[in-house]
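Student: Chains as they are written, first to last, in the working numbering: chain A, 68 to 514; chain B, 496 to 839. Dropping the structure in here first, questions after.
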Amino acid sequence: MKLMPQHAGSAKVLRILSLAALAALVYLAFWWQQQAAEAAPWTVIEKALVESLWLEELPPLPNDAGNAVADNLQAARLGQRLFFDTRLSRNGEVSCATCHQPERRFTDGLPTARAIGESKRNTPSLVGVAYSPWLYWDGRKDSLWSQALAPLEDPAEHGGHRMRFAMLLQEDPVYRTEYNALFDQWPEFDAEDSIATNVTAVDWSATWQNLASADQQRIATIFVNLGKVLEAYERQLMPSPSRFDAYVSALANDEPGAEDILSKDERAGLRLFIGEARCVQCHNGPLFTNNEFHNTGLLPPSGSLPDEGRSAVLEQLTTDVFNCLGEFSDAKADQCSELVYMRKGPELLGAMRTPSLRNLAGTEPYMHKGQMQTLAEVLRHYNRAPMALIGHNEAQPLGLSNRQLQQIEAFLLTLDAPAAGGDNWLSSPSGPEIEPDSKLIHTLSGN
Amino acid sequence: MKALRTGIFLCLVQLLLGSDLLAHGSITAEGDLCVIRIGFYTAHFKVFQPDTSQEKEFCEDLPAAGSSIFVMEYLHQSLGDVPIEFRIIRDITGLGRFARMEDIAKIEDLEAVTVFHQPAVIEPQVFNVLHDFTEDGDFVGIVTVKHPETEQYYSAVFPFHVGTRAWGYIPLFAITAILSHLIYLYFSGGSYRWRAARRASNKTLQYKTSPSHARILMLAPVLLLMGAATENTVSQSWLSESGNIKLSFSSVVEPLPLNQIHEWILHLETPAGMPVENVLVRMAGGMPTHNHGLPTEPVVTQYLGNGDYRVEGVRFHMQGDWVMKVSITLANNQQDTVLIALTL
Chain A
68 MKLMPQHAGS AKVLRILSLA ALAALVYLAF WWQQQAAEAA PWTVIEKALV
118 ESLWLEELPP LPNDAGNAVA DNLQAARLGQ RLFFDTRLSR NGEVSCATCH
168 QPERRFTDGL PTARAIGESK RNTPSLVGVA YSPWLYWDGR KDSLWSQALA
218 PLEDPAEHGG HRMRFAMLLQ EDPVYRTEYN ALFDQWPEFD AEDSIATNVT
268 AVDWSATWQN LASADQQRIA TIFVNLGKVL EAYERQLMPS PSRFDAYVSA
318 LANDEPGAED ILSKDERAGL RLFIGEARCV QCHNGPLFTN NEFHNTGLLP
368 PSGSLPDEGR SAVLEQLTTD VFNCLGEFSD AKADQCSELV YMRKGPELLG
418 AMRTPSLRNL AGTEPYMHKG QMQTLAEVLR HYNRAPMALI GHNEAQPLGL
468 SNRQLQQIEA FLLTLDAPAA GGDNWLSSPS GPEIEPDSKL IHTLSGN
Chain B
496 MKALRTGIFL CLVQLLLGSD LLAHGSITAE GDLCVIRIGF YTAHFKVFQP
546 DTSQEKEFCE DLPAAGSSIF VMEYLHQSLG DVPIEFRIIR DITGLGRFAR
596 MEDIAKIEDL EAVTVFHQPA VIEPQVFNVL HDFTEDGDFV GIVTVKHPET
646 EQYYSAVFPF HVGTRAWGYI PLFAITAILS HLIYLYFSGG SYRWRAARRA
696 SNKTLQYKTS PSHARILMLA PVLLLMGAAT ENTVSQSWLS ESGNIKLSFS
746 SVVEPLPLNQ IHEWILHLET PAGMPVENVL VRMAGGMPTH NHGLPTEPVV
796 TQYLGNGDYR VEGVRFHMQG DWVMKVSITL ANNQQDTVLI ALTL
């Protein structure tokens with residue numbers, strides 16, 4: 068009788084111990100299974116998918132039939148000069164490189180771009196941008212040259228106008244010579260033109276409307292050519308092989324030591340990326356983007372309406388005078404397939420262009436309004452796949468664990484590499500110095 | 496069975512009693528959606544407070560003051576062609592959720608009580624406005640649409656409350672509900688049956704048909720079709736629904752490329768091998784398992800002779816299973832369809 072309570076006590080301890088042992092065993096089994104799954108060799112399908120992301124698989128740059136100087140190296144050099152020239156702005160302080168900063172992989176580290184004023188969306192990187200049939204987050208431009216013209220005349224960005232830019236190209240001796248070498252003939256300015264080019268008002272449209280149509284035509288042609296040399300420069304901005312590419316190279320050639328290039332977590336992240344996490348559905352190909360439009364249920368920043376994205380610009384694309392079918396394009400009508408066979412439809416409501424995932428390190432904040440500061444935040448969003456405020460979120464909840472999200476993040480960071488071409492293309496060009504002309508700066512800065 | 500029926504009845508009684516708590520004015524709850532009726536126009540109505548409630552959708556009453564986004568997704572597409580005016584006023588009718596258009600019409604100075612006004616505007620895709628409520632209270636929303644031809648105005652009025660509200664009759668309803676259930680349970684011997692059911696539930700597993708199962712069942716033929724054809728080879732051919740046309744295709748770019756616009760040549764012939772000439776051919780495509788279409792709208796641009804048709808503007812933007820649908824209109828106006836399953 069005296070032993071009973073003691074006996075019952077030890078039985079209880081035994082029960083607890085055995086339960087604990089069982090729990091440990093279950094945990095071990097799960098751990099072992101996970102380790103085994105992560106260490107498993109790639110299946111044939113997985114390996115093909117991994118190789119489809121390899122930079123080596125990048126097809127040649129598609130032609131831009133709309134721009135006759137797109138692949139002209141001289142044009143690219145002139146474009147490079149102009150890209151870094153702050154005289155291409157109303158206040159003489161803004162160049163393309165103000166927001167597209169080479170040292171930040173051509174982004175600016177801000178939620179939304181800031182130049183003369185604040186623009187509507189996040190500055191995208193330019194590395195590999197020439198592969199996209201559509202430009203801007205909503206794809207409202209169908210060529211790089213046409214895109215390059217828009218910020219130049221946007222009052223919140225460069226805030227200038229075509230008449231003034233034409234004047235700059237004519238008056239700067241270096242620009243004038245290089246332009247002459249590329250394009251047929253330099254149109255001479257008459258007195259009326261020089262009045263027009265001196266307009267400093269933010270609203271220059273009245274002056275423009277008053278020009279004779281032949282004058283408008285000449286100035287618009289110079290302006291368009293400015294866009295075309297900027298495109299020639301941007302076409303040189305290509306990604307270079309990253310640590311991920313070194314891994315795929317070793318994997319594809321059956322070289323030993325592939326496992327040393329990516330860590331276990333990074334490889335596990337890659338496996339999730341092409342599998343369970345379904346990232347590769349939209350972030351596919353060597354640039355990790357299909358350059359298409361998808362609604363992924365992002366919240367608008369505080370105090371702003373949801374962004375209608377792609378569906379709001381379809382009309383504008385077809386009527387844009389600077390589109391592929393317009394008179395300033397060098398393309399024939401049958402070379403404008405993307406514009407001609409453009410899709411419409413309700414699934415484009417709230418849809419934005421898929422960005423490339425090469426070069427995520429140091430290019431935060433992310434998303435079209437820079438809503439998210441870290442990759443962890445972005446991954447949590449896709450794991451949750453919330454309802455979209457407008458339209459429908461195409462993504463579906465993933466149900467991944469925190470550890471798995473961390474692995475995907477680790478993998479994404481292996482895609483980082485400097486843009487190809489080195490300093491040759493990544494900074495203001497050397498060569499003939501651009502001599503600041505005080506008179507010109509005065510005219511162009513408008514103050 | 497009887498218990499279930501009675502239970503449903505009791506719930507219905509409560510719903511009827513409490514229906515004006517759920518929706519009021521021109522906004523009604525239909526299934527999962529809140530629907531606003533503006534004359535014969537209808538739209539899916541939702542309100543968001545992203546700063547505090549992220550993507551949580553409100554029908555009209557809002558939990559707190561603050562930045563609020565009102566969204567109308569058109570169920571009636573022509574709403575995208577007409578000017579829509581949106582106004583929010585402080586509720587001075589004293590009628591609360593029973594305020595109607597007639598009561599609003601009696602307000603002499605509408606502007607004086609207006610807290611938000613979006614003048615008439617045409618929004619082709621979706622209508623949304625943002626208002627930052629600075630204080631709690633009762634408000635009335637007024638949406639006005641002008642019919643483009645008859646010039647007649649249609650209005651929707653929906654009273655709503657911002658901020659935590661007094662509990663009102665809700666506790667009374669709740670107590671009545673719980674009591675009525677308990678009384679019913681007592682008289683029907685429910686507690687005994689509940690315990691018995693709990694014991695039994697360990698032994699049987701019930702199979703439920705949910706909407707997602709239904710969808711999978713509907714997809715089955717498509718999936719079967721996909722299983723049948725996974726290799727995209729030129730020599731392959733597909734038979735039309737009627738069995739009268741055999742289709743094969745070749746792509747100008749082989750293998751089928753990802754993210755690159757390209758052309759196809761469709762070849763149509765009879766099962767006996769005679770070319771099918773001069774019929775109207777259209778092609779569309781999509782990913783049935785992803786519920787979306789192609790990223791382009793391809794067009795058959797040319798008849799090349801010998802049953803060959805040129806399709807321009809084909810582009811694939813995702814790897815996986817695609818189904819292309821080729822619609823053929825014959826000379827006698829008869830329709831035929833060929834489905835091509837592809838794996839990219």
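Using N, Cα and C, we set each Cβ at its ideal position, and we do this for glycine too. Bear in mind the structure is a predicted one, so any value in this text is a computation, not a measurement.
For S378 of chain A, which residues of its own chain have a beta-carbon under 6 Å away from its beta-carbon, when the five flanking residues on both sides are left out?
Tutor: So the qualifying residues of the chain are L415, L416.
Student: Quick one: does Y246 of chain A have its CB under 9 Å from some CB of chain C?
Tutor: The structure shown contains no chain C; the protein chains it does contain are A and B.
Student: For a test of the three-state rule: what should DSSP assign to L480 of chain A, helix, strand or coil?
Tutor: Note: L480 of chain A maps to helix in three-state DSSP.
Student: Within 10 Å of its beta-carbon, does I564 of chain B have 16 or more other beta-carbons around it, so buried, or fewer, so exposed?
Tutor: I564 of chain B is buried by the Cβ-count criterion.
Student: Quick check on M305 of chain A: does DSSP put it in helix, strand or coil?
Tutor: Three-state DSSP puts M305 of chain A in coil, outside helix and strand.
Student: Considering only their Cβ atoms, is the gap separating G133 of chain A from S396 of chain A smaller than 9 Å?
Tutor: Yes, they are a contact pair.
Student: Is there a Cβ from chain B that is less than 9 Å from the Cβ of R48 of chain A?
Tutor: Nothing can be reported for residue 48 of chain A, as the shown portion of chain A is limited to 68 through 514.
Student: Quick check: the Cα distance between H626 of chain B and I637 of chain B, rounded to an integer number of angstroms?
Tutor: Going from the Cα of H626 of chain B to the Cα of I637 of chain B covers about 14 Å.
Student: Our contact map puts W212 of chain A next to L297 of chain A with C-beta atoms below 8 Å; I'd like the distance itself, whole angstroms only.
Tutor: Going by Cβ atoms, the distance from W212 of chain A to L297 of chain A rounds to 7 Å, so yes, they are a contact pair.
Student: Output the boundary residues of the beta strand (DSSP E) element that contains M782 of chain B.
Tutor: Here the beta strand (DSSP E) through M782 of chain B covers 775–782.
Student: Apart from the five residues just before and just after P496 of chain A, which ones in its own chain have a Cβ nearer than 7 Å to its Cβ?
Tutor: R144, Q147, R148, listed in sequence order.
Student: How would you list, in chain order, the residues of chain A whose beta-carbon sits under 7 Å from the beta-carbon of F543 of chain B?
Tutor: What F543 of chain B touches in chain A: L456.
Student: Kindly indicate if chain A contains any beta-carbon less than 9 Å away from that of Q647 of chain B.
Tutor: No, no contact with chain A.
Student: Return yes when the Cβ of M305 of chain A is within less than 9 Å of the Cβ of G412 of chain A, no when it is not.
Tutor: No.
Student: By Cβ distance below 6 Å, which residues in the same chain neighbour V291 of chain A in space, the five residues on each side in sequence not counted?
Tutor: Excluding sequence neighbours, V291 of chain A sits near F395.
Student: Compute the distance between the beta-carbons of N773 of chain B and A826 of chain B, then report whether it is under 9 Å.
Tutor: Against a cut-off of 9 Å, the Cβ pair of A826 of chain B and N773 of chain B comes out as a contact.
Student: What are the complete beta strand (DSSP E) segments, minimum 3 residues, inside the segment 350–423 of chain A?
Tutor: Taking only runs of at least 3 residues, no beta strand (DSSP E) segment lies wholly in the segment 350–423 of chain A.
Student: Could you check what DSSP says for S162 of chain A in three-state terms: helix, strand or coil?
Tutor: Note: S162 of chain A maps to coil in three-state DSSP.
Student: Distance check for R810 of chain B and L789 of chain B, CA to CA, integer angstroms please.
Tutor: Using only the alpha carbons, I get a separation of about 7 Å.
Student: Going by DSSP, name the residue or residues bridged to D816 of chain B.
Tutor: According to DSSP, which records beta bridges pairwise, D816 of chain B is partnered with B:T838.
Student: Would you tell me roughly how many angstroms separate the C-alpha atoms of I341 of chain A and S210 of chain A, rounded to the nearest one?
Tutor: Going from the Cα of I341 of chain A to the Cα of S210 of chain A covers about 30 Å.
Student: Determine contact between the segment 589–608 of chain B and the segment 628–648 of chain B, defined as no fewer than three beta-carbon pairs at a distance below 8 Å.
Tutor: Contact holds: three or more Cβ-Cβ distances are below 8 Å.
Student: Which residues in chain B sit within 8 Å of G352 of chain A, going by Cβ to Cβ distance?
Tutor: Under the 8 Å cutoff, chain B gives L753, N754.
Student: Excluding the five sequence neighbours on either side, which residues of its own chain have a C-beta within less than 7 Å of the C-beta of V347 of chain A, listed in chain order?
Tutor: The answer, listed in chain order, is L116, F340, I341.
Student: In chain B, which residues lie less than 7 Å from V407 of chain A when you measure between Cβ atoms?
Tutor: Those are G808, listed as they occur along chain B.
Student: Taking 9 Å as the threshold (C-beta atoms), are H448 of chain A and G370 of chain A in contact?
Tutor: Against a cut-off of 9 Å, the Cβ pair of H448 of chain A and G370 of chain A comes out as no contact.
Student: Going by the beta-carbon positions, is the gap between I579 of chain B and E603 of chain B smaller than 9 Å?
Tutor: No; because the gap between Cβ atoms is not below 9 Å, this pair is not in contact.
Student: Check whether the Cβ of L714 of chain B lies closer than 9 Å to any Cβ atom in chain A.
Tutor: At L714 of chain B, the pLDDT of 47 sits below 50, so the modelled position is not reliable and the matter cannot be decided from this model.
Student: How big is the Cα-Cα spacing for R451 of chain A and Q473 of chain A?
Tutor: Near 15 Å, if we compare the C-alpha coordinates of Q473 of chain A and R451 of chain A.
Student: So for N469 of chain A, helix, strand or coil by DSSP?
Tutor: N469 of chain A: helix per DSSP, three-state reduction.
Student: What would DSSP say about T840 of chain B, mapped onto helix, strand or coil?
Tutor: In the structure displayed, chain B extends from 496 to 839; residue 840 of chain B sits before or after that span and is not available.
Student: Check each candidate in A:A319, A:F151, A:G76 and name the one with the smallest Cα separation from Q168 of chain A.
Tutor: Nearest option by C-alpha distance: A:F151.
Student: Under a CB-based cut-off of 9 Å, is Q613 of chain B close to chain A?
Tutor: Not one chain A Cβ lies under 9 Å of Q613 of chain B.
Student: Kindly say whether N827 of chain B, judged by its beta-carbon, lies nearer than 9 Å to any beta-carbon of chain A.
Tutor: Closer than 9 Å: no.
Student: Does the beta carbon of Y198 of chain A sit closer than 9 Å to a beta carbon anywhere in chain B?
Tutor: Closer than 9 Å: yes.
Student: In three-state DSSP terms, what is P485 of chain A?
Tutor: Reduced to three states, the DSSP call for P485 of chain A is coil.
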